[in-house]
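Chains as they are written, first to last, in the numbering used here: chain A, 1 to 111; chain B, 1 to 114.
Note that the Cβ used here is the ideal one computed from N, Cα and C, for glycine as well.
Given the structure is predicted, the values throughout are model-derived calculations rather than measurements.
Single-structure report; data block below.
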Amino acid sequence: RKEVEQDPGPFNVPEGATVAFNCTYSNSASQSFFWYRQDCRKEPKLLMSVYSSGNEDGRFTAQLNRASQYISLLIRDSKLSDSATYLCVVNLLGGYNKLIFGAGTRLAVHP
Amino acid sequence: DGGITQSPKYLFRKEGQNVTLSCEQNLNHDAMYWYRQDPGQGLRLIYYSQIVNDFQKGDIAEGYSVSREKKESFPLTVTSAQKNPTAFYLCASSPLQGRNTEAFFGQGTRLTVV
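Structure follows, in structure tokens:
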């Protein structure tokens with residue numbers, strides 16, 4: 001089983017749609033969680049951290065369920081510029097700091 | 001400006017040659033990482049380090065070597081033992097402790113074997 005698993009997509013949605021991505025992780029010792037965005041042929045960039053209480057940044061909402069080892073990202077009112085690959089990231093803090101990436105979910109927003 | 005710099009951006013290597021990819025950061029981060037990304041794939045961890053003169057193998061370390069002689073620098077050598085080295089290589093750094101331990105990436109190096 002992969003340490004971090006994501007639905008690869010692609011998700012093809014019209015502008016204005018709401019879309020949700022899911023991610024599961026296998027190591028219960030994981031302590032920090034993030035969503036990154038990667039545009040084609042570019043480096044990943046931090047979209048948002050994921051906190052236990054859930055957090056929101058504009059049109060983006062991230063949630064964490066530690067009991068189920070599950071992370072989600074919700075994008076409301078999708079824009080064409082949201083088209084990218086979204087990477088789920090888990091950090092195994094303590095001992096050695098190790099960042100593990102999911103394979104990514106591709107989103108394509110069309111007019 | 002603080003950041004993480006990788007060089008070169010593009011690199012061509014002949015089969016059987018070793019090449020070294022540079023990664024430098026001035027963010028005062030303790031942890032540094034090297035990832036490999038193949039087309040349409042996710043990031044796979046090659047090596048990581050959280051302190052000078054110490055580093056750990058990731059999931060695909062075979063055919064690669066690293067050093068961490070300075071906190072700011074974490075060069076990656078792709079050796080001739082790496083059978084399929086053509087890929088996009090990404091270096092990242094992060095703080096070790098605190099609430100915000102997210103990683104910051106360099107712009108990457110595209111390595112092509114010719």
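The beta strand (DSSP E) that contains residue i, what's its start and end?
i      : result
T79/B  : Segment: none, T79/B is in no beta strand (DSSP E) and carries neither H nor E.
C23/B  : 19-25
E43/A  : Note, E43/A: premise wrong, no beta strand (DSSP E); not H, not E.
F74/B  : First-last for F74/B: undefined, no H or E at that position.
E56/A  : 55-57
L96/B  : No beta strand (DSSP E) holds L96/B; DSSP gives it neither H nor E.
S72/A  : 70-75
K8/A   : Correcting the residue type first, residue 8/A is Pro in the shown sequence and not Lys. Neither: P8/A is in no beta strand (DSSP E) and is coded neither H nor E.
N27/A  : Careful: N27/A lies outside any beta strand (DSSP E) and carries neither H nor E.
I60/B  : Taken as a continuous stretch (DSSP letters only), I60/B belongs to no beta strand (DSSP E), as it is neither H nor E.
Q107/B : Careful: Q107/B lies outside any beta strand (DSSP E) and carries neither H nor E.
Y48/B  : 43-51
S67/B  : Element bounds for S67/B: n/a, residue is neither H nor E.
Y51/A  : Unbroken run through Y51/A: none, as it is neither H nor E.
L99/A  : 98-101
Are the C-beta of residue i and some C-beta of chain A separated by less than 7 Å?
i      : result
Q25/B  : no
T101/B : yes
L43/B  : yes
F105/B : yes
G108/B : yes
Checking 7 Å against the spacing of the C-beta atoms, do residue i and residue j come in under that value?
i      : j      : result
Q63/A  : S49/A  : no
R36/B  : F55/B  : no
G102/A : Q6/A   : yes
V30/B  : Q50/B  : According to the sequence as given, residue 30/B is Asp; it is not Val. Contact flag set, yes.
L45/B  : G58/B  : yes
I100/A : E3/A   : yes
A84/A  : N12/A  : no
T86/B  : G63/B  : no
Y25/A  : V89/A  : no
V66/B  : Y47/B  : yes
T20/B  : S32/A  : no
G9/A   : R76/A  : no
A92/B  : F105/B : yes
Got a sec: is the Cβ-Cβ distance from residue i to anything in chain B below 7 Å?
i      : result
L73/A  : no
G104/A : yes
L64/A  : no
L46/A  : yes
I want to see whether chain D comes within less than 7 Å of residue i, judged by CB atoms only; does it?
i     : result
Y35/B : You won't find chain D in this structure, because its protein chains are A and B.
With 8 Å as the limit, tell me which residues of the stretch 11-44 of chain A have their beta carbon closer than that to any beta carbon of chain B; keep them in chain order.
So the close ones are S32, F34, R41, K42, E43, P44.
Residues, ordered as in the chain, of the stretch 77-90 of chain B that lie near chain A by beta-carbon distance below 7 Å
Residues L90.
What are the residues of the stretch 48-60 of chain A that lie near chain B, defined by any Cβ-Cβ distance shorter than 7 Å?
For the stretch 48-60 of chain A, which is checked against every Cβ of chain B, the residues closer than 7 Å are S49.
Interface positions of the stretch 8-36 of chain B facing chain A (Cβ-Cβ less than 9 Å), listed along the chain
The residues in question are D30, A31, Y33, Y35.
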